[in-house]
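S.K.:
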Amino acid sequence: MTRRHIAALGVALWFGILALTPLLADNYTIRIAITIAMYSAMALSWNFIGGFAGYPSFSTAAFFGIGCYVGAIAQRSGVPLVVAWALATVFVTVFAVALGAIILRLKGHYFAIGSIAIVEVVRLVVSSWGGLTGGGDGLNVPLLSGGPDRVATTVLYVMLAIMLAAFVVTILVDRARLGFGLRCISQNEDAADMVGIDTTRYKIAAYALSALFCGTVGAVYASWVGYIDPTDSFSILLSVKVPVMVLLGGAGTVLGPIIGAGAFVMLEEFFWANFLEWNRAILGGIIVFLIFFLPSGILKLDYRRLFRRKSPVDRTEAA
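So the sequence shown is numbered by our numbering: it starts at 6 and just counts up by one.
1. I'd like to confirm the pairing. Which residues does DSSP put opposite Asn145 in its beta bridges?
2. Residues in the same chain with beta-carbon distance under 8 Å from Leu169, minus the five sequence neighbours each way, listed in chain order, please.
3. May I ask you to verify whether the stretch 46-57 touches the stretch 273-283, counting CB pairs closer than 8 Å and requiring at least 3?
4. How far does the alpha helix (DSSP H) with Glu274 in it extend, from its first residue to its last?
5. Check this for me: beta carbons of Leu165 and Trp229, under 9 Å apart or not?
6. Given a threshold of 16 other Cβ atoms within 10 Å of its Cβ, counted over all protein chains shown, does Gln192 qualify as buried or as exposed?
7. Suppose only complete runs of 4+ residues qualify. What are the alpha helix (DSSP H) ranges in the stretch 7-36, listed by chain order?
8. Within 10 Å of its beta-carbon, does Thr258 have 16 or more other beta-carbons around it, so buried, or fewer, so exposed?
9. State the CB to CB distance for the pair Gly13 and Leu260, rounded to an integer number of angstroms; the pair is presumed to be in contact (CB under 8 Å).
10. Can we say the stretch 207-214 touches the stretch 99-106, given the rule of at least three CB pairs closer than 8 Å?
11. Using a Cβ-Cβ cut-off of 6 Å (strictly less than) and excluding sequence neighbours within five positions of Gly5, which residues of its own chain qualify?
12. Taking Cβ positions, are Ala67 and Val124 nearer each other than 9 Å?
13. Would the beta-carbon of Val270 fall within 9 Å of that of Tyr33?
14. Where Phe172 and Ser50 are concerned, what is the direct C-alpha to C-alpha distance, given to the nearest angstrom?
15. Mind checking Arg1: buried by the 16 CB within 10 Å criterion, or exposed?
16. Between which two residues does the alpha helix (DSSP H) carrying Asn193 extend?
17. Ala323 to Gly119, Cα distance in whole Å?
18. For Leu28, which option in Gly83, Gly267 and Thr158 has the closest C-alpha, if you only look at C-alpha atoms?
19. What runs of the alpha helix (DSSP H), each 4 residues or longer, lie entirely inside the stretch 193-220?
20. Going by the beta-carbon positions, is the gap between Ser215 and Thr40 smaller than 9 Å?
21. Could you tell me the alpha carbon to alpha carbon distance between Leu18 and Pro85, rounded to whole angstroms?
22. Which residue comes first and which comes last in the alpha helix (DSSP H) that contains Pro248?
23. Val84 by DSSP, collapsed to three states: which one?
24. Quick check: the Cα distance between Ser316 and Leu187, rounded to an integer number of angstroms?
25. Which one of Ala286, Leu288 and Leu137 has the shortest CA to CA distance from Ile1?
26. Quick one: using the 10 Å Cβ neighbour count with 16 as the cut-off for buried, is Phe239 buried or exposed?
27. Helix, strand or coil: how does DSSP classify Leu304 here?
28. Quick check on Ala196: buried or exposed, where buried means 16 or more other Cβ atoms within 10 Å of its Cβ?
29. Please state if the CB of Gly290 and the CB of Leu252 are separated by a distance shorter than 9 Å.
30. My output table needs one value for Thr258: the three-state DSSP class, helix, strand or coil.
31. Quick test of your reading: Leu161 and Ala42, contact by CB under 8 Å. State the CB separation rounded to the nearest angstrom.
32. Quick one: Cα of Asn145 to Cα of Ala89, how far?
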């Protein structure tokens, strides 16, 4: 059994554990399971543009926040719940396609800065458009029917469904021409263009996929919490967390985002419970650790080389 098969089996087991959480645990644990599923879906989304294509996007919070507000406004207008979620998904995807045609002309750190600016611009627009979005006062969202236990269980299974859909799309992209083209772009975009790959179209497709599931997650999240505001919905911290999760698991891999999201949420919960005042500083420390000591992520780490004993030849070479 290869390492990939072991990882796939582990993810399947992990998915099963999350699905069984409502039957085995309390509301606090269910909330953690929802958070893991939610971040896993967003990490898988980011992996299309940041992992496969190698473009350091920080637009996640913009897509998530727009999904929150479109879903909330649609529900407040009397649109059925599932239709409101679908509208949010379509709107965010179309927005990403239109935006990608412009911003993807930038590369490297210029693209990264531009994607951060998008989050702030959208947040300011939402904050200023008080008549529609409630402005800085936020927006109340119709609550899901049922008691707290039923609502939490429903949201968990919806988030798991989104996570599973994102995972399936990731597998399809990884095995398709799109995945090959995006990896070529990541390695050398000019060379990819020279061999006939439509780099613009491929990058826009990856950017749209990076937005699609984030928009859906945002709409479902708004229905879960019942209240949204610009500060929380468009938090730049979210745009940092999601890439860190992907890097932690292994960027450009199929299973890495799920592994990274699960590991990150568990670490965050531990540090949040025990080191509340140092939570942000610890997040920064994790980022530095990833850059210097784990640049390829958990999934790409060569454990055999890490733990094997040095042979006499190795010791001689080291000396």
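Heads up, the beta-carbon is just placed ideally off N, CA and C, and yes, glycines get one too. The model shown is predicted, which means the values in this text are computed figures rather than measured ones.
M.R.: The short version:
1. To locate residue 145, count along the sequence shown from 1; it is residue 140. Note: Asn145 sits in a beta bridge opposite Tyr232.
2. Counting from 1 along the sequence shown, the entry for residue 169 is found at position 164. Hits under 8 Å: Phe20.
3. no
4. On the sequence shown, residue 274 is found 269 positions in, with the first residue counted as 1. First-last of the alpha helix (DSSP H) with Glu274: Gly261 to Asn279.
5. Working through the sequence shown from its first residue, we reach residue 165 at position 160. Working through the sequence shown from its first residue, we reach residue 229 at position 224. Taking 9 Å as the Cβ cut-off, Leu165 and Trp229 do not qualify as a contacting pair.
6. Against the sequence shown, residue 192 aligns to sequence position 187. Its Cβ having fewer than 16 others within 10 Å, Gln192 is exposed.
7. 8-29
8. The sequence position of residue 258 within the sequence shown is 253, counting from 1. Answer is buried; the Cβ neighbour count reaches 16.
9. Within the sequence shown, the letter at position 8 stands for residue 13. Within the sequence shown, the letter at position 255 stands for residue 260. Note that residue 13 corresponds to Ala in the displayed sequence, not to Gly. Yes, they are in contact, since the Cβ atoms of Ala13 and Leu260 sit about 7 Å apart, within 8 Å.
10. yes
11. Since the first residue shown for the chain is 6 and the last is 324, residue 5 is missing from the structure and cannot be characterised.
12. Counted from its first residue, the sequence shown places residue 67 at position 62. Counted from its first residue, the sequence shown places residue 124 at position 119. Cβ distance < 9 Å, so Ala67 and Val124 count as in contact.
13. The count along the sequence shown starts at 1 and reaches residue 270 at position 265. The count along the sequence shown starts at 1 and reaches residue 33 at position 28. No, Cβ-Cβ distance for Val270 and Tyr33 is not below 9 Å.
14. By one-based count along the sequence shown, residue 172 stands at place 167. By one-based count along the sequence shown, residue 50 stands at place 45. So the two alpha carbons sit approximately 9 Å from each other.
15. Given a span of 6 to 324 for the chain in the structure shown, any question on residue 1 remains unanswerable.
16. Locating residue 193 in the sequence shown gives position 188, where the first residue counts as 1. Asn193 -> no alpha helix (DSSP H), and no H or E assigned at all.
17. As a first step, residue 323 is located in the sequence shown; it is residue number 318 there, counting from the start. As a first step, residue 119 is located in the sequence shown; it is residue number 114 there, counting from the start. Summary for Ala323: the model assigns pLDDT 47, below 50, so the residue's position carries little reliability; its value from the coordinates is reported in the next sentence. In a straight line, the C-alpha of Ala323 is about 45 Å away from that of Gly119.
18. Within the sequence shown, the letter at position 23 stands for residue 28. When each option's Cα is compared against that of Leu28, the closest is Thr158.
19. 194-199
20. Here residue 215 refers to the residue found at position 210 of the sequence shown. Here residue 40 refers to the residue found at position 35 of the sequence shown. No, the Cβ-Cβ distance between Ser215 and Thr40 is not below 9 Å.
21. If you number the sequence shown from 1, residue 18 lands on position 13. If you number the sequence shown from 1, residue 85 lands on position 80. So the two alpha carbons sit approximately 34 Å from each other.
22. Indexing the sequence shown from 1 puts residue 248 at position 243. Ile241 to Gly254 is the extent of the alpha helix (DSSP H) around Pro248.
23. Translated into the one-based positions of the sequence shown, residue 84 becomes position 79. Looking at Val84 - three-state DSSP - the assignment turns out to be coil, as it is neither helix nor strand.
24. As a first step, residue 316 is located in the sequence shown; it is residue number 311 there, counting from the start. As a first step, residue 187 is located in the sequence shown; it is residue number 182 there, counting from the start. Note that Ser316 scores a pLDDT of 49, beneath 50, so its modelled location is shaky and nothing firm can be said.
25. Because the chain in this structure spans residues 6 to 324, residue 1 falls outside the shown range and cannot be described.
26. Stepping through the sequence shown from its first residue, residue 239 is reached at position 234. Classification of Phe239: buried, given that the 10 Å Cβ count is 16 or more.
27. Start at 1 with the first residue of the sequence shown, and residue 304 comes out as number 299. Leu304: coil per DSSP, three-state reduction.
28. Against the sequence shown, residue 196 aligns to sequence position 191. So Ala196 counts as exposed.
29. Residue mapping note: residue 252 aligns to position 247 of the sequence shown, counting from 1. Residue mapping note: residue 290 aligns to position 285 of the sequence shown, counting from 1. For Leu252 and Gly290, no; Cβs fall outside 9 Å.
30. The residue given as residue 258 occupies position 253 in the sequence shown. Residue state, collapsed to three classes: coil.
31. Residue mapping note: residue 161 aligns to position 156 of the sequence shown, counting from 1. Residue mapping note: residue 42 aligns to position 37 of the sequence shown, counting from 1. Sure, about 7 Å apart at Cβ, within 8 Å.
32. The count along the sequence shown starts at 1 and reaches residue 145 at position 140. The count along the sequence shown starts at 1 and reaches residue 89 at position 84. Roughly 15 Å between the two C-alpha positions.
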